[in-house]
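What follows is a short report on a single structure.
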Amino acid sequence: MSEEELPDWVVSTEEGGDDFSKIDTDGDGKISREEFEAAMGKAPLLTGDVNALKEAAGNQGESLFQPLDEIKKPMNSNLQFFLGTIVYPIGVLILAWLFSGIFYATGSYELGDLASFGVVGIGYVGGAAWGFSSGHSSFAWGVLASLIILPGLMFGLLFGFCMLMISTGNGL
């Protein structure tokens, strides 16, 4: 795009120098408060009606703006299930590792084990209870799936692999 095609509100840097030089009127290389306030007085004030943006986005079914009186849309159920199945258990295990590490560092190995079991137990039960009571039920089902279904599936796969190896005669 050449300079002839630029809109009239675009100013070339060759005409008046860069923005810093325009603000620094005395040329000392520093912008004083007075210079800054004078430049802000000349700066354009962004005003206008944004309803055109809202209406344009409304035609596509989504709005750019969320009114304060509207209730936010909840997250997708699949995303909540993923969070409950993968992300939440990882967070609980990291938290349990941190708490047990603190007690192990002080030499209280029994308290470290107790803290680890306590954080995992409270984390799983609390996450499922929160999901079913006030949170998203898909999140709670994800927490329960990570606690019951996934370990059962892993055990079943291991059992099936062992049976396959025994039945072929190769053994383990």
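Going left to right, the sequence shown walks through residues 8 to 179 as our numbering numbers them. Virtual Cβ for every residue (Gly too), placed ideally from N, Cα, C. In this text, all values refer to a predicted model and were calculated from it rather than measured experimentally.
Query raised in the report: Distance, Cα to Cα, residue 135 vs residue 167?
Result: Locating residue 135 in the sequence shown gives position 128, counting from the first residue. Locating residue 167 in the sequence shown gives position 160, counting from the first residue. If you take the alpha carbons of residue 135 and residue 167, they lie about 30 Å apart.
Query raised in the report: Are the beta-carbon atoms of residue 88 and residue 137 separated by less than 8 Å?
Result: One-based indexing of the sequence shown puts residue 88 at position 81. One-based indexing of the sequence shown puts residue 137 at position 130. No, the Cβ-Cβ distance between residue 88 and residue 137 is not below 8 Å.
Query - Through-space distance from residue 176 to residue 121, alpha-carbon basis - result: Your numbering for residue 121 matches position 114 in the sequence shown. Your numbering for residue 176 matches position 169 in the sequence shown. Roughly 44 Å between the two C-alpha positions.
Query raised in the report: Once you ignore the five residues that flank residue 118 on each side, which residues in its own chain have a CB closer than 8 Å to its CB?
Result: Taking the first residue of the sequence shown as 1, we reach residue 118 at position 111. Once the five neighbours on either side are set aside, the close Cβ partners of residue 118 are 110.
Query raised in the report: Hey, would you say residue 99 sits closer than 8 Å to residue 131, going by beta carbons?
Result: The sequence position of residue 99 within the sequence shown is 92, counting from 1. The sequence position of residue 131 within the sequence shown is 124, counting from 1. Their beta carbons are under 8 Å apart, which means residue 99 touches residue 131 by this criterion.
Query raised in the report: Do residue 39 and residue 96 have their CB atoms nearer than 8 Å?
Result: Along the sequence shown, read from residue 1 onward, the residue named residue 39 stands at position 32. Along the sequence shown, read from residue 1 onward, the residue named residue 96 stands at position 89. For residue 39 and residue 96, no; Cβs fall outside 8 Å.
Query raised in the report: How close, in whole Å, do the beta carbons of residue 102 and residue 126 come, if the pair is a contact with beta carbons under 8 Å?
Result: Position 95 of the sequence shown, counted from the first residue, corresponds to residue 102. Position 119 of the sequence shown, counted from the first residue, corresponds to residue 126. Yes, they are in contact, since the Cβ atoms of residue 102 and residue 126 sit about 5 Å apart, within 8 Å.
Query raised in the report: When the cut-off is 8 Å and only beta carbons count, does residue 88 lie next to chain C?
Result: In the structure shown, chain C cannot be found, because there is only a single protein chain.
Query raised in the report: Does the distance from the CB of residue 146 to the CB of residue 123 come in under 8 Å?
Result: Locating residue 146 in the sequence shown gives position 139, counting from the first residue. Locating residue 123 in the sequence shown gives position 116, counting from the first residue. Going by C-beta atoms, residue 146 is not nearer than 8 Å to residue 123.
Query raised in the report: Among 82, 174, 31, which one has its Cα closest to the Cα of residue 144?
Result: Translated into the one-based positions of the sequence shown, residue 144 becomes position 137. For residue 144, the nearest C-alpha among the options comes from 82.
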